[in-house]
Amino acid sequence: MAQPQRLETVRRLQTAIATAYTTLGAWCLVHPYSVIALGFTPKYVAMSNATTYLFTRCFGAQAMTCGLVLGTSDMTAFSFTAFGLAMIPYIGWNFWFSGIGPSRGMVNSLMWLDFVGNLFFMGGSLWCGQVLREEATAAKKGDDERRDLLRD
446 MAQPQRLETV RRLQTAIATA YTTLGAWCLV HPYSVIALGF TPKYVAMSNA
496 TTYLFTRCFG AQAMTCGLVL GTSDMTAFSF TAFGLAMIPY IGWNFWFSGI
546 GPSRGMVNSL MWLDFVGNLF FMGGSLWCGQ VLREEATAAK KGDDERRDLL
596 RD
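For the sequence shown, counting from 1, position 106 maps to 551 in our numbering; every step adds exactly one.
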């Protein structure tokens with residue numbers, strides 16, 4: 446893929462991640478009842494109360510803030526890499542509560558969608574960081590070559 450196309454793909458991925466965070470966060474904020482009913486097993490849905498709904502709304506507000514920041518920021522190679530690595534605890538959460546940890550059985554089988562989404566966020570962010578690092582290296586190399594030509 447040509448460099449301008451790769452940079453456009455970086456921007457599109459950033460927009461996709463920002464949109465996902467903002468949209469899903471808004472869903473948690475506006476309708477926490479359906480999020481809990483859809484994501485958790487009946488045993489845990491039955492234990493839901495006003496505090497559970499408040500925490501779900503707070504989670505949604507934070508996700509919306511993250512999405513808005515991602516959607517309006519000029520991300521650098523470092524910030525994409527940091528964001529991608531920040532997904533590791535979320536992937537761990539998927540395993541802890543979905544299958545291998547002591548809290549298995551808390552979430553239902555739809556949680557694999559969250560796992561796939563977190564992998565997409567991590568992989569996409571790390572790829573974007575790599576593309577921007579390559580772009581910076583190429584730009585520096587071009588500047589060095591230009592300086593060499595001016596010296597001759």
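All C-beta atoms, glycine included, are put in the ideal place defined by N, C-alpha and C.
Check for me: the alpha helix (DSSP H) holding residue i runs from which residue to which?
i      : result
Val490 : Pro487 to Ala491
Ile536 : Ile533 to Ser543
Leu452 : Gln448 to Val475
Leu515 : Ala495 to Thr517
Thr526 : Ala522 to Leu530
Use the C-beta contact count for residue i: other C-beta atoms within 10 angstroms, 16 or more gives buried, fewer gives exposed.
i      : result
Asn539 : buried
Met509 : buried
Thr486 : exposed
Val475 : exposed
Gln426 : Nothing can be reported for residue 426, as the shown portion of the chain is limited to 446 through 597.
Less than 8 Å between C-beta atoms, sequence neighbours within five positions excluded: which residues of the same chain meet that for residue i?
i      : result
Lys556 : Rather than Lys, the amino acid found at residue 556 in this sequence is Met. Excluding residues within five positions, the ones whose Cβ falls inside 8 Å are Gly484, Asn539, Phe542 and Ser543.
Trp472 : Ser479, Val480 and Gly505
Leaving aside the five residues before and after residue i along the sequence, list all residues of the same chain whose C-beta is less than 6 Å from its C-beta, in chain order.
i      : result
Phe560 : Asn539
Gly574 : Ala522, Phe525 and Thr526
So, at 7 Å on beta carbons, what are the nonlocal neighbours of residue i in its own chain, with the 5 sequence-adjacent residues on each side left out?
i      : result
Ala463 : Gly512, Leu515 and Gly516
Thr501 : Cys473, Pro477, Val480 and Ile481
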